[in-house]
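**Q** The structure is given below, and queries will be raised subsequently.
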Amino acid sequence: MSGHVASGVPMVRAEGVVKRFGAQEVLKGIDLVVAPGEVVCLIGPSGSGKSTLLRCINHLEHIDGGALSVDGELVGYRQQGRFLYELKPAEVCRRRREIGMVFQHFELFPHLTALENIMMAPQIVLGRKVQDVRDEATALLDRVGLRERAGFYPSQLSGGQQQRVAIARALAMKPKLMLFDEPTSALDPELVGEVLNVMRDLAAGGMTMVVVTHEMGFARDVADRVVFMDQGRMVEEGPPNEIFARPKTERARSFLDRLVG
Amino acid sequence: MQAGENNRLPDPGPAAYPSGQASGQGLTVVPLRHPWRWVGAAVIAYVLLLIADLLITNPRWQWPTVWEYLFSGPVLMGVLATITLTILAEVVGISFGILLAIMRLSPNPLLSWSSAMFTWTFRGIPPLVMILFIYFFSALVPVLSIGIPFGPSLEVVRTNTVITQTFAAVIGLGLAQAAYVAEIVRSGILSVSQGQTSAALALGMTPLKTMRHVVFPQAMRVIVPPLGNEVISMVKATSLVSVIAYMELLTTVQVIYARTFEQIPMLMVAVIWYGVLTTVLTLVQSWIEKRLNKSAKNSPGVRR
Ligand SMILES: Nc1ncnc2c1ncn2[C@@H]1O[C@H](COP(=O)(O)OP(=O)(O)O)[C@@H](O)[C@H]1O
Ligand SMILES: [Mg+2]
């Protein structure tokens, strides 16, 4: 982790990133730099392109313009001299391993227990030994406070518990970057705290995180920077206190007013 | 005792009756009557009696002959051949069907187009015609050669040494079914949400591993019931290969009655065996469905 800081290579670097779905331009030139160890919160109205940006960072969507790199490596392409070679699917998969992603609807695998959900990727993707993987997965469950739920199926867990298992599942691949897409939006209010606490711990441990969230308290406490997006553009960015207390743009102001009121 | 009590409707108690009367105090419960059910039962009983009469009193059924042949060596061999043919054709049908479904859903237009064309072609050809066509393929192409088209051939074999009866039967039945299996598998795959695929890919799994470890296990619940029906139809469809004289159950009894002229009892032998096979498969199918439903409580739709 400290190696990245020393090298000065940003964990995420987006320059003029454009993404279209058919005729609709969803990202209209995004410039974003996330330093290693930094926590960046993305806020903005629904449909502003926050999920799409995360999916682009994780190679789940092809970008249509600009340049995007993670830890110094271009997303989806390999540069050699003046040429950009499109990556083969296998290479794209290899790069995704180093990025963890947490979804709004958890997306745990319903046919596997909590423990099996966490063990799956290290076993199948990395081909590691079952015993090692099991020990690590158990430790991860412990870390998110769900050691006793190892044998439970997702349907037998509360939303908050499912989301904590989902975070542990992403951590099992030892990612250097974690992406969270509205991780608490699908939860009952009383379950939000337990998930945010896990994320706080993760941030405190030095994990680089890009978090789409509307939890102002979390953003205020944990985020180094808050980015406000609207209609495919980054409208405003700055430290949480500044953005929340004195938004510079009218769009950010009215969005925040609606969020609070 | 305990269970019996739980099954009974709870006594609403005095409070449920505004006038203060308790149930069972001078009140009699009259269950709803279903007079038409009795009429229906009478009609069914009459029809069953007619059938029984036809089966028992008509000596031309020749039941003794049926019993004589039911467990005879050739018939049992025929049953075995039908089972083997079903399994082989099913292996071809299901594996090819899965391949077609994956091709159909592939982002590669070449693959999805080929798959669609195959399905279109084979859905349009009756299986009987297909079996004959494959069997007589040697008339169209007498020798098979591997080599450069229009150029020299490297390896030459006579077509009818490759296309045996078994080959024509297995491939004909299998390919005819593959098109249907493909559609079943495709709808099963589509029933698994896109989010599951995203989650698997985000963990670094390749598309193929995602399919195998995440999508397929969940698609099974949608796939199994219609696939079971396909397997059961296959047992009966194997009788089509009697047109190329493949010695399965139907061909066997045909060969016997060609000699003895006891058509009806021999066909009855075949009917009984087909009935046994499909019944066994039906039981297997409902057992599998019950097991899958047990794990259905783990479906993503059920959240607490
Ligand atoms: N796979 C897709 N195909 C077509 N349009 C999409 C797709 N994904 C997202 N969009 C569109 O892109 C826009 C931005 O979506 P999204 O990134 O999900 O916004 P947000 O996460 O900020 O709510 C929306 O208008 C949405 O309809
Ligand atoms: Mg979103």
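For the record, the sequence lines run as chains S and X.
If you count the first sequence from 1, position 143 lands on 143 in our numbering, and the numbers rise without skipping.
If you count the second sequence from 1, position 163 lands on 163 in our numbering, and the numbers rise without skipping.
Glycine is no exception: its CB is placed at the ideal position from the N, C-alpha and C atoms.
This structure is a prediction, so every number in the text was calculated from the model and none was measured.
1. So if DSSP puts residue 13 of chain S in a beta bridge, which residue, or which two residues, is it bridged to?
2. Distance check for residue 62 of chain S and residue 18 of chain S, CA to CA, integer angstroms please.
3. Helix, strand or coil for residue 224 of chain S per DSSP?
4. Could you tell me which residues DSSP puts in a beta bridge with residue 152 of chain S?
5. Since residue 255 of chain S is in the alpha helix (DSSP H), which residue starts that stretch and which ends it?
6. Taking 8 angstroms as the cut-off, decide whether the C-beta atoms of residue 219 of chain X and residue 119 of chain X are in contact.
7. Start and end of the beta strand (DSSP E) containing residue 42 of chain S?
8. Here's a check: name, in chain order, each residue in its chain whose Cβ is nearer than 6 angstroms to the Cβ of residue 135 of chain X, leaving out the five neighbours to either side.
9. When you compare the CB positions of residue 186 of chain X and residue 101 of chain X, do they come within less than 8 angstroms of one another, or not?
10. Listed by chain order, which residues have C-beta atoms less than 5 angstroms from any heavy atom of ligand 1?
11. Closest to residue 67 of chain S by C-alpha separation, out of S:51, S:99, S:107 and S:32, would be which residue?
12. Quick one: measure Cβ to Cβ for residue 175 of chain X and residue 47 of chain X, integer angstroms, because I've assumed they're closer than 8 angstroms.
13. I want to verify the contact list: residues of chain S whose CB lies under 9 angstroms from the CB of residue 188 of chain X, in sequence order.
14. Please determine whether the Cβ atom of residue 182 of chain S lies at a distance below 7 angstroms from any heavy atom of ligand 2.
15. Which full runs of the alpha helix (DSSP H) of 4+ residues lie inside the segment 135–207 of chain X, going along the chain?
16. Any Cβ of chain S within less than 8 angstroms of the Cβ of residue 21 of chain X?
17. At 7 angstroms on the CB atoms, spell out the chain S contacts of residue 199 of chain X, in chain order.
18. Pair every Cβ in the segment 216–225 of chain S with every Cβ in the segment 38–49 of chain S, then say whether three or more of these pairs are closer than 8 angstroms.
19. For residue 274 of chain S, count neighbouring Cβ atoms within 10 angstroms of its own Cβ and tell me buried if that reaches 16, exposed if not.
20. So for residue 257 of chain X, helix, strand or coil by DSSP?
21. Give the range of the beta strand (DSSP E) segment to which residue 233 of chain S is assigned.
22. What's the call for residue 89 of chain S, buried or exposed, on a 16-neighbour Cβ count within 10 Å?
23. Would you say residue 62 of chain S reaches chain X, if we count a Cβ-Cβ gap shorter than 8 angstroms as a contact?
24. Is the CB of residue 125 of chain S under 8 angstroms away from at least one CB in chain X?
25. Any idea if residue 181 of chain S is buried or exposed, counting beta-carbon neighbours within 10 angstroms, 16 or more meaning buried?
26. Does the Cβ of residue 27 of chain X have 16 or more other Cβ atoms within 10 Å, making it buried, or fewer, making it exposed?
**A** On the basis of the coordinates in this document:
1. S:33 and S:69
2. Roughly 10 angstroms separates the two Cα atoms.
3. coil
4. According to DSSP, which records beta bridges pairwise, residue 152 of chain S is partnered with nothing at all.
5. For residue 255 of chain S, the enclosing alpha helix (DSSP H) starts and ends at 250–260.
6. no
7. 39–43 is the span of the beta strand (DSSP E), which, as asked, contains residue 42 of chain S.
8. Sequence-distant Cβ neighbours of residue 135 of chain X in its own chain, meaning closer than 6 angstroms and more than five residues away, are 168 and 244.
9. Going by C-beta atoms, residue 186 of chain X is nearer than 8 angstroms to residue 101 of chain X.
10. S:21, S:26, S:46, S:47, S:48, S:49, S:50, S:51 and S:52
11. S:32
12. Not confirmed; about 41 angstroms, so no contact.
13. Per Cβ cutoff of 9 angstroms: no residues; residue 188 of chain X is ~14 angstroms from chain S at best.
14. The answer is yes for residue 182 of chain S.
15. Segments of the alpha helix (DSSP H) lying fully in the segment 135–207 of chain X: 137–140, 159–162, 165–190 and 194–202.
16. With a pLDDT of 48 at residue 21 of chain X, under the threshold of 50, the modelled position of this residue cannot be trusted; read the value that follows with caution. So, not an interface residue.
17. 103 and 107
18. yes
19. In the structure as shown, chain S begins at 1 and stops at 261. Residue 274 of chain S is therefore absent and cannot be evaluated.
20. Look at residue 257 of chain X here: in three-state DSSP terms it is helix.
21. 233–238
22. Exposed.
23. no
24. yes
25. buried
26. exposed
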